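Below is one structure; the comments refer to it alone.
2 protein chains.
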Amino acid sequence: MNQALLFPEDFVAHDRVVLRGRRLTHIQSVLRLSAGDRLPVGRVNGLMGHGTVIRLTDTEAELVITLAQPPPAAPPLTLILAMPRPKMFRRILQTSATLGIKDIWLINAYKVEKSFWQTPWLSDESLRDNLTLGLEQAKDTAMPDVHIRKLFKPFVEDELPALLRDKVALVAHPGTATPCPTHLNQPAALCVGPEGGFTPYEVGKLEEAGCQSVHLGPRILRVETAVPVLVSRLFDACL
Amino acid sequence: MNQALLFPEDFVAHDRVVLRGRRLTHIQSVLRLSAGDRLPVGRVNGLMGHGTVIRLTDTEAELVITLAQPPPAAPPLTLILAMPRPKMFRRILQTSATLGIKDIWLINAYKVEKSFWQTPWLSDESLRDNLTLGLEQAKDTAMPDVHIRKLFKPFVEDELPALLRDKVALVAHPGTATPCPTHLNQPAALCVGPEGGFTPYEVGKLEEAGCQSVHLGPRILRVETAVPVLVSRLFDACL
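Now the structure itself:
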């Protein structure tokens, strides 16, 4: 937690918050703060600054906050991700938030196991919690949007073309001929398949919707590695 | 396992191997192969090709192999990493191997907790197992070298200067003035600190040894995210 992210329900006055639970534990056990100490804070979807601890008990920390700085720029990227295996999903979500990705679509694919969609990590609360951890790591405040689409074909045929408008649209597809561009630094949409990749049918449908297939070289990367590699490659100006 | 990595002890003839344990389970339960089916294989520190299953029992799989293709090029990078927390270490090791990093130095730093060095993941066998998983993911065969240095000062003063010779030497240090270069594509050494970063004293010692401090932008990345971002940024020609 490089910055505590503050939500509307944390505020007890316009410049005062009360923190409990995870953030309190972090303040006590990791940062080991006392009354009078400061820590970086940011208001969700708002400005960043610092908070000064004015009261610390076993159950809550009260902070006076000063917010003045905007959050860092975000790469103009729409990430369209085949729903990952649950044990990877949380980490990918956190990493995506840390990298500044603000628009995440979780879609189905042939190699997405049906059980993946049952994970409790997809609840609104879990999504928010994990995105929060990613934002706190990065020192960002802009909460990403996560869209869940459990049917591949209606998504690709009915929604994807509009989503790709005015963007460079790519699908990461190992073994294809075209390398992924570098330092693109313009609005882009990037589709990343499941473990084992999109099927040829799925790649065909994504191409019909306007995506170009690109590869990342001879190495096959796990999704959790491919996402930072791709963001770094496309948006070196934003990182 | 996009490719089964073969070790000398797997060979029963120059073109035949017998696989047991994890690789057998993968062949049976994930790939669901039968006699006559093929899978990609590679010989550790050697060529890659395919194996044809000629015998499959509950306890072993026998394959006839043909190897002709060299492994992919590797980024010319020496990674010098403050020993990560054990639960992250395994993953960072696998990811580093997948990215093609061949020279890994695990060093001490003030914010490396003493207990991190006690992890069983540092045994020779565990290191080999996790690097193997990373290589199998990438379809690579060249086993990385891992060097363990539990004392910061002797390493930085006595070994590091020679290690940095003829390399671009960088230390990732959030908050410094110089951005990390992009598409360097020449031999480099990269130092990455622990959670919370190197101390100013440590950064000073690394700079004395020849490293330049660089930042990755305003976002603070976890080590497991920073490594793929940095490799992608420095070596776009190798990925």
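Top to bottom, those sequences are chains A and B. Each residue of the first sequence is one higher than the one before, starting from 0 at the first, in numbering that gives the first Met the number 0. Each residue of the second sequence is one higher than the one before, starting from 0 at the first, in numbering that gives the first Met the number 0. By construction, the Cβ of each residue, glycine as well, lies at the ideal position given by its N, Cα and C atoms. Given the structure is predicted, the values throughout are model-derived calculations rather than measurements.
Requested in this report: Within the stretch 211-236 of chain A, note down every full alpha helix (DSSP H) run reaching 4 residues or more, in order along the chain.
Outcome: 222-233
Query - Amino acids of chain B, ordered along the chain, whose beta-carbon sits closer than 8 Å to that of Asn1(A) - result: Ile219
Report task. List the residues of chain A that Thr58(B) touches, going by C-beta distances under 9 Å, in chain order. Result -> Chain A residues near Thr58(B): none, gap ~27 Å exceeds 9 Å.
Query raised in the report: Between the Cα of Ala108(B) and the Cα atoms of Tyr200(B), Leu220(B), Glu207(B) and Val213(B), which residue gives the shortest distance?
Result: Tyr200(B)
Report task. Take Glu206(A) and list the residues in its own chain whose beta-carbon comes closer than 8 Å to its own, dropping the five residues that flank it on each side. Result -> Val170 and Ser212
Report task. Consider the Cβ of Asp235(B): report whether some Cβ of chain A lies at a distance smaller than 7 Å. Result -> yes
Query - Three-state secondary structure assigned by DSSP to Leu46(A) - result: coil
**Report entry** Cβ-based neighbour list, Asp36(A), same chain, cut-off 6 Å, excluding 5 preceding and 5 following
**Finding:** Val52
Requested in this report: State yes or no: is the C-beta of Val145(B) within less than 7 Å of the C-beta of Ile79(B)?
Outcome: no
Requested in this report: Check distances from the C-beta atoms of the stretch 38-70 of chain B to those of chain A and list, in chain order, the residues that come in under 9 Å.
Outcome: Pro70
Query raised in the report: Any heavy atom of the ligand GTP closer than 6 Å to the Cβ of Leu229(A)?
Result: Although the ligand GTP was asked about, the structure shown includes no ligands whatsoever.
**Report entry** Residue nearest to Val63(B) in terms of C-alpha spacing, selected from Pro227(B), Ala176(B) and Leu18(B)
**Finding:** Leu18(B)
Query raised in the report: Could you give the residue range of the beta strand (DSSP E) that holds Gln68(A)?
Result: Ala60 to Gln68
Query raised in the report: Just the Cα atoms here: how many angstroms apart are Leu55(A) and Asp128(A)?
Result: 23 Å
Query raised in the report: Would Val155(A) be called buried (16 or more neighbouring beta carbons within 10 Å of its own) or exposed?
Result: buried
Query raised in the report: For the stretch 179-194 of chain B against the stretch 72-90 of chain B, are there 3 or more C-beta pairs whose distance is under 8 Å?
Result: yes
Requested in this report: Below 7 Å CB to CB, which residues in the same chain sit around Lys149(A) once its five sequence neighbours on both sides are set aside?
Outcome: Asn107 and Trp116
Query - Min CB distance Thr181(A) to chain B below 7 Å - result: yes
Query - Continuous alpha helix (DSSP H) stretch holding Ile91(A): start and end - result: Pro85 to Thr97
Query raised in the report: What residues of chain A sit near Arg232(B), judged by a beta carbon separation below 7 Å?
Result: Ser231 and Asp235
**Report entry** Classification of Ile26(B) by the beta-carbon crowding that lies within 10 angstroms, buried from 16 upward
**Finding:** buried
Requested in this report: Note down, in chain order, all residues in the stretch 137-152 of chain B with a beta-carbon under 9 Å from any beta-carbon belonging to chain A.
Outcome: Ala137, Lys138 and Asp139
Requested in this report: Could you name the residues of the stretch 76-97 of chain B whose beta carbon sits closer than 7 Å to any beta carbon of chain A, in the order they occur along the chain?
Outcome: Thr94 and Thr97
Query raised in the report: Does the beta carbon of Thr224(A) come closer than 7 Å to any beta carbon on chain B?
Result: yes
Query raised in the report: Roughly how many whole angstroms lie between the Cα atoms of Met87(A) and Pro193(A)?
Result: 11 Å
Requested in this report: Note down the Cα distance separating Asp123(A) from Arg15(B), rounded to an integer number of angstroms.
Outcome: 52 Å
Query - Which of helix, strand or coil DSSP assigns to Val111(B) - result: coil
Query - Three-way DSSP call (helix, strand, coil) for Phe10(A) in this model - result: strand
Requested in this report: Specify the secondary structure class of Leu183(A) as computed by DSSP and reduced to three states.
Outcome: coil
Query raised in the report: So, is the C-beta of Val228(A) closer than 7 Å to a C-beta in chain B?
Result: yes
Query raised in the report: Ends of the alpha helix (DSSP H) at Asp144(A)?
Result: Asp144(A) -> not in any alpha helix (DSSP H); beta strand (DSSP E) instead, spanning Asp144 to Arg148.
Query raised in the report: When the Cα of Gly133(A) is compared with those of Leu98(A), Pro153(A), Val228(A) and Trp120(A), which residue comes out closest?
Result: Leu98(A)
**Report entry** CB of Pro178(B) within 7 Å of CB of Ile219(B), strictly
**Finding:** no
**Report entry** CA-to-CA distance, Thr65(A) to Ala176(B), given in whole angstroms
**Finding:** 25 Å
Query raised in the report: Which value, in whole angstroms, describes the spacing of the CA atoms of Lys113(B) and Lys101(A)?
Result: 37 Å
Requested in this report: Measure the alpha-carbon distance for Cys210(B) versus Asp157(A) and round it to whole angstroms.
Outcome: 52 Å
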